[in-house]
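Number of protein chains: 2
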Amino acid sequence: MDAHENSLRRAYSYEYPHPAVTVDCAIFGLDEGKLKLLLIQRDLEPFAGAWALPGGFVKLDEDLETAARRELEEETGVKRVFIDQVGAFGEPGRDPRERVITVAWWAIVNLFEHPVKADTDARNAAWFAVDELPALAFDHRTILDAALARLRDTIRREPLAFEFLPRKLTLTQLQRFYETVLGEAFDKRNFRKKALSYGILTELEEYEVDVAHRAARLYRFDKTAWEKLRKAGGSFSI
Amino acid sequence: MDAHENSLRRAYSYEYPHPAVTVDCAIFGLDEGKLKLLLIQRDLEPFAGAWALPGGFVKLDEDLETAARRELEEETGVKRVFIDQVGAFGEPGRDPRERVITVAWWAIVNLFEHPVKADTDARNAAWFAVDELPALAFDHRTILDAALARLRDTIRREPLAFEFLPRKLTLTQLQRFYETVLGEAFDKRNFRKKALSYGILTELEEYEVDVAHRAARLYRFDKTAWEKLRKAGGSFSI
DNA sequence: CCATAATAGTGTAGTATATACACTATTATG
DNA sequence: CATAATAGTGTATATACTACACTATTATGG
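Sequences listed follow chains R and E, in order.
Note that our numbering gives residue 3 to position 3 of the first sequence, counting from 1, and the numbers run on in steps of one.
Note that our numbering gives residue 160 to position 160 of the second sequence, counting from 1, and the numbers run on in steps of one.
In structure tokens:
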């Protein structure tokens, strides 16, 4: 077979049997100071009983991101959250039944607003700490590792924390978020200095309520300031 | 349709018609101090006459990376070069004929060692400067923009320049490489200081030959030192 | 052989950024 | 009113980044 025959220059793809295409989602959440991952337990072969990333087939008229969002919403009830593509995984043997190419996505959702819609509708779902995961089905361990690397890289350079945290937040909440996701501790004074240095946090004249200690000042993420900064070639990095 | 019906928990995918899956390659090269992109001109509809990224169908028993390497080799004759995935692109209307999901890859090849195997085997191929591209077929402009961003981001953080440059290289060659790919100029002294600061370049007792001016010292990329540095948690950044 | 053209090679001062580090302030509770 | 719990603050040092200009070497051509 020469170059031409496998080319899109051919008008149709008769002689190319098509693989199945799925989306899989690495859905992260924060809970008890730990970064957790939502998994579902398979009840059918292959890998019956094993835990897997939630996922499913892409419909023929459905965008890849739409498919991923549908899966995400089915599993967690979360809409309109930030999601990002990890990439495509398609080793021929990754699903023993047939050729399946999967497009993986990652998202981070708020476990307080969306408390484990897991264990509903008869399928067994649960949150696991990312450093205490069970063996995963298919090549999901590989996918997860890539998703985790992407999450950590992205979260450092984009102000996505504010998509996840409440609109009015304390600097300590922000610090905890980064510490949990990145798995490392930051110095309090240095963290605050840096977080405020970008000018994208507005200091409010409001404070925490109902806390059994000195109330912390609240801040609001200033999206306009961030867009202005970005347009001016500025960047963000924690 | 509820969550279950679109889930991989089903053993088979009967009721899900499969999309076609292709790979497309953004193949970059350096020539005359410019970053160039290899394009092929389509001779069939849709987009007959338009320029497009080289690509083709993924075979049912073929890994995604293998398919991308096959395309790359068909177009340029280059084997064993570094390639990296950009991601999957799959908007339902991106190919007017049928649903086609494409997995995009980028690579950078040496135009001196592989001088435009373009224009062979009857298909029209050519290198274009990335800042003077013609209109591209399908959504290839979107794919290219993503590939270019990925190339520039990756090249700054990984010592891939040495995959591209000769084994024995001068610091000026290295600097030109980065300037061409990133499209910005660097200060000579600062660049050299930084490049040497990682300890991954071995100073050789050899110099350029056959140059009509003072001969530059040659250096060799020390892969072992780089792996040691990386293991120690170190990083690289130009 | 000497002037020219072309590129190699080198150091320092100033600025900005990152790090390390410990105490006082406020509030609810018992 | 003592305690527990967290908020909030500054400075000194080290490291990294930036800006900047001249001398060295070699081939070539008159």
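Ideal placement from N, C-alpha and C gives every residue a C-beta, glycine not left out.
Being a predicted model, the structure only gives us computed values, none of them experimental.
Limits of the alpha helix (DSSP H) - the one that residue i falls within
| i | result |
| --- | --- |
| Leu148/R | 140 to 157 |
| Thr180/R | 171 to 182 |
| Lys188/R | 188 to 197 |
| Ala67/R | 64 to 76 |
Alpha-carbon spacing of residue i relative to residue j, whole angstroms
| i | j | result |
| --- | --- | --- |
| Tyr178/E | Phe162/R | 35 Å |
| Thr102/R | Arg230/E | 30 Å |
| Lys201/R | Phe57/R | The sequence as given places Leu at residue 201/R; Lys does not occur at that position. Taking the straight line joining both Cα atoms gives about 41 Å. |
| Trp106/E | Leu133/E | 17 Å |
| Asp131/E | Glu227/R | 26 Å |
| His4/E | Arg94/E | Confidence in His4/E is poor, its pLDDT being 41 and thus under 50, which makes the residue's placement too unreliable to answer from. |
| Ala11/E | Gly90/R | In this prediction, Ala11/E scores a pLDDT of 44, lower than 50, which makes its location untrustworthy; the coordinate-derived value is nonetheless stated afterwards. Going from the Cα of Ala11/E to the Cα of Gly90/R covers about 18 Å. |
| Ile238/E | Arg99/E | 41 Å |
| Val86/E | Arg214/R | 48 Å |
| Gln173/R | Glu32/R | 13 Å |
| Leu35/E | Leu111/E | 11 Å |
| Arg65/E | Asp139/R | Strictly speaking, residue 65/E in this sequence is Glu, with Arg absent from that position. Spanning the two alpha carbons is a distance of roughly 16 Å. |
| Glu184/R | Val81/E | 36 Å |
| Asp187/R | Ala88/E | 39 Å |
| Leu218/R | Pro166/R | 10 Å |
| Pro17/R | Arg97/E | 16 Å |
| Gly233/R | Phe128/R | 39 Å |
| Phe236/E | Ile83/R | 28 Å |
| Ala63/E | Glu158/R | Before going further, note that residue 63/E is Asp rather than Ala in the sequence given. One C-alpha to the other measures close to 32 Å. |
| Ala245/E | Gly199/E | Here chain E has residues from 1 to 238 only, and residue 245/E is not among them. |
| Ala52/R | Thr154/R | 23 Å |
| Leu39/R | Pro54/R | 6 Å |
| Arg220/R | Gln175/R | 14 Å |
| Ala48/E | Ala137/E | 9 Å |
| Val78/E | Leu37/E | 15 Å |
| Glu74/R | Thr142/R | 23 Å |
| Leu30/E | Arg156/E | 16 Å |
| Glu208/E | Ala104/E | 38 Å |
| Pro92/E | Asp61/R | 6 Å |
| Lys59/E | Ala50/E | 25 Å |
| Glu205/E | Val211/E | 17 Å |
| Thr245/E | Val181/E | Because chain E in this structure spans residues 1 to 238, residue 245/E falls outside the shown range and cannot be described. |
| Asp2/R | Ala135/E | Low confidence applies here, because Asp2/R scores a pLDDT of 41, under 50, leaving its location unreliable; read the following figure in that light. Distance between the alpha carbons of Asp2/R and Ala135/E: 27 Å. |
| Phe164/R | Lys223/E | 41 Å |
Within chain E, partners of residue i - CB distance below 8 Å
| i | result |
| --- | --- |
| Arg99/R | Leu60, Asp61 |
Unbroken beta strand (DSSP E) run spanning residue i, endpoints
| i | result |
| --- | --- |
| Ala125/R | 125 to 129 |
| Ala248/R | Chain R is shown only over 1 to 238; residue 248/R falls outside these bounds and no answer can be derived. |
| Ala161/R | Premise fails: Ala161/R lies in the alpha helix (DSSP H), 161 to 164, not in any beta strand (DSSP E). |
| Val86/R | 83 to 89 |
Neighbouring residues, chain E, relative to residue i (Cβ below 7 Å)
| i | result |
| --- | --- |
| Val109/R | Per Cβ cutoff of 7 Å: no residues; Val109/R is ~16 Å from chain E at best. |
Per DSSP, cross-strand counterpart(s) of residue i
| i | result |
| --- | --- |
| Thr202/E | Arg220/E |
| Ile108/E | Phe28/E |
| Val100/R | Ala20/R |
| Gly55/E | Asp24/E |
| Leu35/E | Leu30/E |
| Ile40/R | Ala52/R, Ala125/R |
| Lys79/E | The partner list for Lys79/E (beta bridge, DSSP) is empty, contrary to what the question assumes. |
| Leu136/E | Trp51/E |
| Lys168/E | Arg220/E |
Contact list for residue i against chain E, beta-carbon separation under 9 Å
| i | result |
| --- | --- |
| Gly87/R | Gln85, Val86, Gly87, Ala88, Val103 |
Partner residues on chain R for residue i, Cβ-Cβ distance less than 8 Å
| i | result |
| --- | --- |
| Val21/E | His18, Pro19, Val21, Gly90, Ile101 |
Contact list for residue i against chain R, beta-carbon separation under 9 Å
| i | result |
| --- | --- |
| Leu64/E | Ala88, Phe89, Gly90, Glu91, Ile101 |
*Does the region 29 to 45 of chain E come within contact of the region 124 to 140 of chain E, defined as at least 3 CB pairs closer than 8 Å?*
Yes, since at least three Cβ pairs between the region 29 to 45 of chain E and the region 124 to 140 of chain E fall closer than 8 Å, the two stretches touch.
*Does the region 186 to 199 of chain E touch the region 130 to 148 of chain E, meaning 3 or more C-beta pairs lie closer than 8 Å?*
With a cut-off of 8 Å, the region 186 to 199 of chain E and the region 130 to 148 of chain E do not count as touching, because too few Cβ pairs lie within range.
*Decide if the region 61 to 71 of chain R is in contact with the region 15 to 26 of chain R; the criterion is three or more beta carbon pairs, one per stretch, under 8 Å apart.*
Put simply, the region 61 to 71 of chain R touches the region 15 to 26 of chain R. At least three CB pairs are less than 8 Å apart.
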